[in-house]
Every structure is written in structure tokens, then in C-alpha cells.
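Enquirer: Read in order, the letters of the sequence shown correspond to residues 1 to 100 in UniProt numbering. The beta-carbon is built from N, C-alpha and C at its ideal position, and this holds for glycine as well. Please find one structure pasted underneath; my questions will follow.
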Amino acid sequence: MSGFDELLATLPRLKVAAFLSGCEQADFTTVAEACELSRPTLSKTVVTLEEAGYVRVRKGHVGRRPRTWLSLTEEGTAAFDGHMSAVRLLAEHAAQDLPG
């Protein structure tokens, strides 16, 4: 079925894309907490999504503390939307095939 994106096939990547699809940007810690991911898992996930062009990483400081902000790129948004559309379509087909 087309529309499924293999990069979003793992739960951590899907969680991050889903969370970031709902905001302009979010700091690393907020994403880790909201997605219930450890910092190392989120870090690996972000590297994979960034290399694919799905996530933009911006580093800076708040006062003297370093911060990392994450955002979904246009390509990432399109991939997430397409993936979720394919999931919804699959669920609709499955519901139609159920007896009842």
C-alpha cells in the first residue's frame, strides 16, 4: 500500500514526528518527556530523521544553558501526513472487511 513511510515504521520515530507535527518547534527535553523516550533513544531517533531531511535541529542557549530545539521540516510533514493517511486507509479497509 503506498503512502507508508519505512522511516516512520518504528514507534520512536512515529512518536517524534507525531509530536512535532503539532507544534512549530519544541525543545529536546520536552519531546523526550512527551514521547516517553530516553534521551539516548531520542538522540538516535533525531539523527535518523535529520539525515532523512524530516527533522531540523537548532542549537542555542537560554541564558548560559545549552538548548536543542527540534522541528518537523516540510518534507517531514508531508511524509508524516502521507504515512498517517495510509494507516487510516488501511484501518478503514479492515473495518469494512469485518463481519457484522
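What are the complete beta strand (DSSP E) segments, minimum 3 residues, inside the UniProt domain "HTH marR-type" (2 to 98)?
Expert: Runs of the beta strand (DSSP E) inside the UniProt domain "HTH marR-type" (2 to 98): 55 to 62 and 65 to 72.
Enquirer: What separation, rounded to the nearest whole angstrom, lies between the Cα atoms of residue 104 and residue 21?
Expert: Since the first residue shown for the chain is 1 and the last is 100, residue 104 is missing from the structure and cannot be characterised.
Enquirer: Are the segment 4 to 12 and the segment 26 to 43 touching by the rule of at least three beta carbon pairs closer than 8 Å?
Expert: Yes: the two stretches touch, three or more of their Cβ pairs being nearer than 8 Å.
Enquirer: Using C-beta distances below 6 Å, list every residue in its chain close to residue 58, excluding the 5 sequence neighbours before and after it, in chain order.
Expert: Excluding positions up to five away in sequence, the list reads 69.
Enquirer: Go through its chain and collect everything with a Cβ distance to residue 50's Cβ below 7 Å, but skip five positions before and after it.
Expert: Result list for residue 50: 57, in chain order.
Enquirer: Looking only at C-alpha atoms, which of 91, 96 and 53 sits nearest to residue 75?
Expert: That would be 53, whose Cα lies nearest to the Cα of residue 75.
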